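Number of protein chains: 4
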Amino acid sequence: MIKAGIVGVTGYAGIELFRLLNQHSKAEVTHCFSRNKSISDFNDVYPFVESGSVELKSFDPLIDYPIDVLFLATPHAQSHSWMKDLVNRSYKIIDLSADFRISESLFNDFYGCKHEYPEGIDMFVRGFSEIYREQLKNTSYCANPGCFSTAVVLGSFPLSKTELGCVNMLVDAKSGVSGKGKKVDESSLYCEVNESTMSYGTFGHRHTPEMELELNCPVLFSPHLVPMNRGIMASIYCDNPSKITQDDLSNIYSSFYKDEPFVRVVGPDRPIKTHYVTGSNTCLIKPMVLKNKIVIFSVLDNVIKGASGQAIQNLNIMFGLEETLGLSQLPIFP
Amino acid sequence: MIKAGIVGVTGYAGIELFRLLNQHSKAEVTHCFSRNKSISDFNDVYPFVESGSVELKSFDPLIDYPIDVLFLATPHAQSHSWMKDLVNRSYKIIDLSADFRISESLFNDFYGCKHEYPEGIDMFVRGFSEIYREQLKNTSYCANPGCFSTAVVLGSFPLSKTELGCVNMLVDAKSGVSGKGKKVDESSLYCEVNESTMSYGTFGHRHTPEMELELNCPVLFSPHLVPMNRGIMASIYCDNPSKITQDDLSNIYSSFYKDEPFVRVVGPDRPIKTHYVTGSNTCLIKPMVLKNKIVIFSVLDNVIKGASGQAIQNLNIMFGLEETLGLSQLPIFP
Amino acid sequence: MIKAGIVGVTGYAGIELFRLLNQHSKAEVTHCFSRNKSISDFNDVYPFVESGSVELKSFDPLIDYPIDVLFLATPHAQSHSWMKDLVNRSYKIIDLSADFRISESLFNDFYGCKHEYPEGIDMFVRGFSEIYREQLKNTSYCANPGCFSTAVVLGSFPLSKTELGCVNMLVDAKSGVSGKGKKVDESSLYCEVNESTMSYGTFGHRHTPEMELELNCPVLFSPHLVPMNRGIMASIYCDNPSKITQDDLSNIYSSFYKDEPFVRVVGPDRPIKTHYVTGSNTCLIKPMVLKNKIVIFSVLDNVIKGASGQAIQNLNIMFGLEETLGLSQLPIFP
Amino acid sequence: MIKAGIVGVTGYAGIELFRLLNQHSKAEVTHCFSRNKSISDFNDVYPFVESGSVELKSFDPLIDYPIDVLFLATPHAQSHSWMKDLVNRSYKIIDLSADFRISESLFNDFYGCKHEYPEGIDMFVRGFSEIYREQLKNTSYCANPGCFSTAVVLGSFPLSKTELGCVNMLVDAKSGVSGKGKKVDESSLYCEVNESTMSYGTFGHRHTPEMELELNCPVLFSPHLVPMNRGIMASIYCDNPSKITQDDLSNIYSSFYKDEPFVRVVGPDRPIKTHYVTGSNTCLIKPMVLKNKIVIFSVLDNVIKGASGQAIQNLNIMFGLEETLGLSQLPIFP
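Chains B, Y, F and A are the protein sequences, given in the same order. Numbers in this note's numbering are just positions in the first sequence, counted from 1, shifted up by 5. Numbers in this note's numbering are just positions in the second sequence, counted from 1, shifted up by 5. Numbers in this note's numbering are just positions in the third sequence, counted from 1, shifted up by 5. Numbers in this note's numbering are just positions in the fourth sequence, counted from 1, shifted up by 5.
Right, here's the structure in full:
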């Protein structure tokens, strides 16, 4: 069994790693870390874990824990300060935070602090499983992508790789509230979010540079918060100067993803909603030609394919396991 | 007191007319009509109305009811079959349905039936209060706009009237579920809608021709359903070939709406969400210049400014009353 | 016009006072106070108030503000430290917090601090409008009841006044999340509350002594949190040793509340849900004889009849105004 | 592999059987039946199933399908008309509907039709897995319990088996909306349910006789509908004439369930909410002594432990498999 450690196990992504690995036949969680000093028993946070059955420790980057893989489900701008010590270990690292996803200068700009281990950034393979599968097989360091980035990149990558490219690309995204994490602030209170749709971060969301890096084109990214726990819908709009037809567009997507276990492409006449993927590691994509535009809807569960599920998919790839191990659950409905 | 009749009073727009007129100092509801044969007592539908206090009748277009104004809060494709009889009455008519908003041919296309009184379409003034105020003062017939149309038209009209116009206009809209009305079908069940965001009607929503008619430009309209009772957020995206600046854009909007009691323009650094207007007749608009685009967020309460509130605003205009009568409630929060 | 000051105007009860008084024909808000130092503009909290139109000050108990009535919408255990100074003013006081509702010793026990002005407790009339109307007419000091207390006391008071009394009384209550106020803690985050029903405070909720004081009998009070913004349903269960019949029970309630503008009694065959009263100052009560029990369902909007609406009702009574002023809105639906 | 057929696979319980069996290592779904004539492709209902991959047939009770077990996830009052034919087959039957749970006369009373195969009722073992495990091992016919019944019976059974019994038992239950199933009627529309808590069925819910039969005592059952998809909280209140202590009560429950994989008992100081079990087959129980009462909170996921999960648990028992097969998922959070 592969022994896994999770740093930040009491956050939403951390507990999801714990939950999903519980179903994995070849990996097990042996070390749980939380920096929250007020939590002494994991059962206090997640009562479905037997009290006392999981020991919570404070993570010390100087200790060489006896594990095979370390998941960093920490807030952004944390792991970069630990990494110079961690890269010397014998275990592999899957970092769910943003610290090693983008260039040093973009990181410094978007996260408001100085990256302490910029030489590590090139060591990390960006963890879009479907795109960097080959590189992931041969690395010990994975920078797991953000939830918005995954929805947008999977939704537009096949188009971006054609001659057409993503022209005048605009993304209007809608996210459930778990995407904000478990940070306690007024704007995440139930009564502030419930029964309301909000536009936010329009001037420069932190996920924008990740998307632009991957797609190699500018992206106007306009995120919205909607009152639900899980789910992202990315509505992607591009110009269609070459007047590609629906059939050709559909073929591009179907071909690109035809062997992918976790991406499904549907036709232009099919309905699409986030509930179709909640609880699963699937990204569902609906590409359409609409009037003078190309429109692509891409939905996923932000906590699974947008975070912890993709992290486990990357673990499977990095360890040479079958890629679907631990990830075969169908969506939960309703 | 102005005597009002409401046809379709047991629907969501109908009851909202009833509720709002209850606070109106110069109008009262004297006649309530419902075509739902299973409802004999209004109290069965809305228990906050004393049982027996409101008589529900079946509406008969051949009867000349002693009223001053008739609100038609009926499903689409109903009032066109009655109208040739109704226009001969002494009362004014405010039709909340789509039947007299668009041309005969568009109506026939989008609503799948033959308009029975096409000569009436030109008799109706389209009820965007802020745009057709002068015409509304002099008409007896108002075609009250749809909820999406109101959000989009108010959000883009000032821009459309400049030399710049709305270039390559795209609208990504998010609506609460009451916008679907009270029609009983599986797709509106709680468990089908809750915890999910859905894209729908992308190939041609019925509100599209209303917007295009008003703005005199093509609109790519992409609506989404989000899990909340009330509220619409229309996110409007246009190209900015003339490179208008934020200041100039803000000035265009502030000037255009400076005397409007029910439209408020906010600066690009202000948050915007539907909850800011829920329960009020206000449309809140945030115009931005963003990278190479003009982006305008427009939010309103679909049942009030998007339907019954605007209908009462139009009543006030049509009867020469103060425009804010009965509509001065602040938004309800939370 | 009666000039009103609101302390704590940026909380949920405070803003609701502001909203409701905006519709009041004989009172106006002239002074707004908030202790939140980070808020400089009311518009930052409630954007439907024009930026700069309302001045937010820090409340100073030593200043004699030129007002006629002061609403204290402060957290519990705050006003008791101010009150010895405030009772010397010429204005009346309506305290929405718990500080003057119960005896000194109960206060000290339940709120974990020493009451600094116990001699004031007897000066305050408990603000159950329907029960203490006569006393409220002749006082300057009103201790406005808690939301749960109002629902439970109005629901069981008529029975408690009969010879039968409330035997073996048990209350299972369900509350929306706004009842927790705007305090920022993890347990009120959207994702912690949404899609879940929680039992809490079973060992001794702070509202229990208020109920027991009013009803003069022990109450087993078992509150639950349900995922909605507003609304309380109190399900009240008593033994029925005297075997009172449904007709007699219905008559007791109908008679007791027959002239009340804000209490409505419905028959045992009518549906009852919180949505029937959301947005209104009405308490809806359904008394039933069920097998060997008396069961009473009592619903209200916790922010209105359970807090700010009842406070305004009390203002109307204390100033000799018509009791319904500013409170005539019908429930909002949906 | 055990071959399973599901009748009613397009309903909420049916799809959950399909989803859970997909994770089962020793059973597979080979036959899917739906009586809904408008559905030709399972993908139309549940798009996460590949279009065309599952054949939907109309169930014919006269055909002897080559299966090992038949799940009947049909509406109530359907299977009784088929059963005389089905009991002659070689497969086992697990009926999730109410038809074989209670006596003929109670069935006729509560379901308003005449039972067509009353002699079958005694052939069926009631499927409370923890209570009838031994009988289930030796039967081919299981009447799977209702969701409310499971929460209430598991929550009160240990007490009912002591000398104390459940005295003056009252159950105030709160259910998510999926408990109503997928029946299309106005009362289940999103806007009718959202933001509201409703009392219903107080005069005699259909699950009451199931509980009374199991517990052998009268139960006053008072259900409420709360706005969430999944989850039941049963708050159970009994008198405590023998003045049992908290320690003794806790011991009774801990002992009773100490070897159960799907029932967990927590102490009186632990929080309890439905989210702690959503997505799992666990029933979480918190027994308390409170003033003069015994109070027991019991929560479960109504679609899993309250329906399809318990059905699979019963399948495991009836076929001599490990009881947890296919049911080891931890709760999903948030």
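Think of the CB as a built atom: it goes at the ideal place given N, C-alpha and C, for glycine as much as any other residue. This structure is a prediction, so every number in the text was calculated from the model and none was measured.
List the whole-angstrom C-beta distance separating V130/Y from L141/Y, where the pair is believed to meet the contact cut-off of C-beta under 8 Å. The residue labelled residue 130/Y in the question sits at position 125 within the second sequence. The residue labelled residue 141/Y in the question sits at position 136 within the second sequence. Indeed they touch by this definition, with Cβ atoms about 5 Å apart.
Can you pull the chain B neighbours of L335/A, defined as C-beta to C-beta under 7 Å? On the fourth sequence, position 330 is the one that residue 335/A refers to. Within chain B, the residues near L335/A are R24, N27, F53.
Under the three-state reduction of DSSP, which class applies to N173/A: helix, strand or coil? Mapped onto the fourth sequence, residue 173/A falls at position 168. Looking at N173/A - three-state DSSP - the assignment turns out to be strand.
Quick one: which chain A residues come within Cβ less than 8 Å of C196/F? Along the third sequence, one-based indexing puts residue 196/F at 191. Result: P339.
For S183/B, decide whether its Cβ has a neighbour in chain A, counting only Cβ atoms nearer than 8 Å. As a working note, residue 183/B is residue 178 in the first sequence. Answer yes: the Cβ-Cβ gap between S183/B and chain A drops below 8 Å somewhere.
To which residues of the same chain is K179/A closer than 6 Å at the C-beta, ignoring the five residues directly before and after it? Here residue 179/A refers to the residue found at position 174 when the fourth sequence is read from its first residue. Only H229, V231, M238 meet the Cβ criterion.
Cutting at 8 Å between CB atoms, please list the residues of its own chain near S134/B, excluding the five before and the five after it. For the purposes of this step, residue 134/B is identified with residue 129 of the first sequence, where counting begins at 1. These residues qualify, in order along the chain: L141, F267, Q315, Q318, N319, I322, E328.
DSSP state of Y205/B, grouped into three classes? On the first sequence, residue 205/B is found 200 positions in, with the first residue counted as 1. Three-state result, Y205/B: coil.
I'd like to know whether the C-beta of N234/B is nearer than 8 Å to at least one C-beta of chain F. Stepping through the first sequence from its first residue, residue 234/B is reached at position 229. Yes, N234/B lies at the interface with chain F (some Cβ there is under 8 Å from its Cβ).
Kindly say whether T287/B, judged by its beta-carbon, lies nearer than 8 Å to any beta-carbon of chain A. Numbered from 1 along the first sequence, position 282 holds the residue referred to as residue 287/B. By this cut-off, T287/B is an interface position.
Looking at S154/B: is its Cβ nearer than 8 Å to the Cβ of N221/B? Taking the first sequence and counting its residues from 1, one reaches residue 154/B at position 149. Taking the first sequence and counting its residues from 1, one reaches residue 221/B at position 216. In this structure, N221/B does not lie closer than 8 Å to S154/B by Cβ.
Which of the three DSSP states is assigned to T155/B in this structure? Within the first sequence, the letter at position 150 stands for residue 155/B. In this structure, T155/B counts as helix in the three-state DSSP scheme.
Please name the residues in the stretch 267-293 of chain A whose beta-carbon is closer than 9 Å to at least one beta-carbon of chain F, in chain order. P273, D274, P276, I277, K278, T279, H280, Y281, T283, K291, M293
State the start and end residues of the unbroken alpha helix (DSSP H) segment that holds A316/Y. As a position in the second sequence, residue 316/Y is number 311, starting the count at 1. Unbroken alpha helix (DSSP H) run through A316/Y: 314-323.
Could I get the ranges of all uninterrupted beta strand (DSSP E) runs contained in the stretch 64-123 of chain B, with 3 residues as the minimum, in chain order? 74-77, 97-100
Between which two residues does the alpha helix (DSSP H) containing S260/F stretch? In the third sequence, the residue the question calls residue 260/F occupies position 255. Taken as a continuous stretch (DSSP letters only), the alpha helix (DSSP H) holding S260/F covers 251-261.
Just to confirm, are E200/B and E197/A a CB contact at a threshold of 8 Å? Position 195 of the first sequence, counting from 1, holds the residue named residue 200/B. Position 192 of the fourth sequence, counting from 1, holds the residue named residue 197/A. No, these two residues do not count as a Cβ contact at 8 Å.
Rounding to the nearest angstrom, what Cα-Cα distance links H81/A and S102/A in this structure? By one-based count along the fourth sequence, residue 81/A stands at place 76. By one-based count along the fourth sequence, residue 102/A stands at place 97. Going from the Cα of H81/A to the Cα of S102/A covers about 5 Å.
Quick one: does K179/Y have its CB under 8 Å from some CB of chain A? Position 174 of the second sequence, counted from the start, is the residue given in the question as residue 179/Y. Judged by the 8 Å Cβ criterion, K179/Y is not in contact with chain A.
What does DSSP give as the partner residues of V34/B in its beta bridges? Counted from its first residue, the first sequence places residue 34/B at position 29. BP columns for V34/B point to A9/B.
Cβ shell of Q28/Y (< 8 Å), same chain only, five flanking positions each side left out: Counting from one through the second sequence, the residue named residue 28/Y turns up at place 23. So the qualifying residues of the chain are G331, Q334.
Kindly indicate which residue of Y51/B, P223/B, F162/B, T213/B has the alpha-carbon position closest to the one of R24/B. Indexing the first sequence from 1 puts residue 24/B at position 19. When each option's Cα is compared against that of R24/B, the closest is Y51/B.
Against chain B, which members of the stretch 195-226 of chain A pass a CB distance test of less than 8 Å? E200
Does any residue of chain A have a CB that is nearer than 8 Å to the CB of Y262/B? Taking the first residue of the first sequence as 1, we reach residue 262/B at position 257. With 8 Å as the cut-off, Y262/B does not count as an interface residue toward chain A.
Under 6 Å Cβ to Cβ from Y146/F, same chain only, skipping five residues before and after it: list those, please. The sequence position of residue 146/F within the third sequence is 141, counting from 1. Closer than 6 Å at Cβ, skipping near neighbours: I98, M128, F129.
Is the beta carbon of P163/A less than 8 Å from the beta carbon of I249/A? Taking the first residue of the fourth sequence as position 1, residue 163/A is located at position 158. Taking the first residue of the fourth sequence as position 1, residue 249/A is located at position 244. Contact flag unset, no.
What's the call for P214/A, buried or exposed, on a 16-neighbour Cβ count within 10 Å? As a working note, residue 214/A is residue 209 in the fourth sequence. By the neighbour-count rule (16 or more Cβ atoms within 10 Å), P214/A is buried.
Residues sharing a beta bridge with N242/A, DSSP: By one-based count along the fourth sequence, residue 242/A stands at place 237. Position check: residue 242/A holds Tyr in this sequence, whereas Asn was assumed. Answer by DSSP bridge pairing, in chain order: L175/A, V300/A.
Range of the contiguous beta strand (DSSP E) that encloses I290/B: Position 285 of the first sequence, counted from the first residue, corresponds to residue 290/B. Residues 288-295.
Nonlocal neighbours in the same chain, by C-beta distance under 6 Å from T144/A, ignoring five residues either side: In the fourth sequence, counting from the first residue as 1, residue 144/A sits at position 139. Excluding sequence neighbours, T144/A sits near V130.
Closest by CA to E219/A, which one among I136/A, C152/A, N234/A, R40/A? Start at 1 with the first residue of the fourth sequence, and residue 219/A comes out as number 214. Answer by Cα proximity: I136/A.
Are there 16 or more other CB atoms within 10 angstroms of the CB of I72/B, so buried, or fewer, so exposed? Walking along the first sequence from the start, residue 72/B turns up at place 67. Per the 10 Å Cβ criterion, buried.
Would K187/Y and Y242/Y be called neighbours here (beta carbons separated by less than 8 Å)? Mapped onto the second sequence, residue 187/Y falls at position 182. Mapped onto the second sequence, residue 242/Y falls at position 237. No, the Cβ-Cβ distance between K187/Y and Y242/Y is not below 8 Å.
According to DSSP, which residues form a beta bridge with L61/Y? If you number the second sequence from 1, residue 61/Y lands on position 56. According to DSSP, L61/Y bridges with C37/Y.
Against F302/B, what residues of chain Y qualify as contacts under a CB-to-CB distance less than 7 Å, listed in chain order? Looking up residue 302/B in the first sequence gives position 297. Under the 7 Å cutoff, chain Y gives S204.
Closest by C-alpha distance to A148/F, when choosing among A312/F, L295/F, G325/F: Working through the third sequence from its first residue, we reach residue 148/F at position 143. Comparing Cα-Cα distances from A148/F to each of A312/F, L295/F, G325/F, the minimum goes to A312/F.
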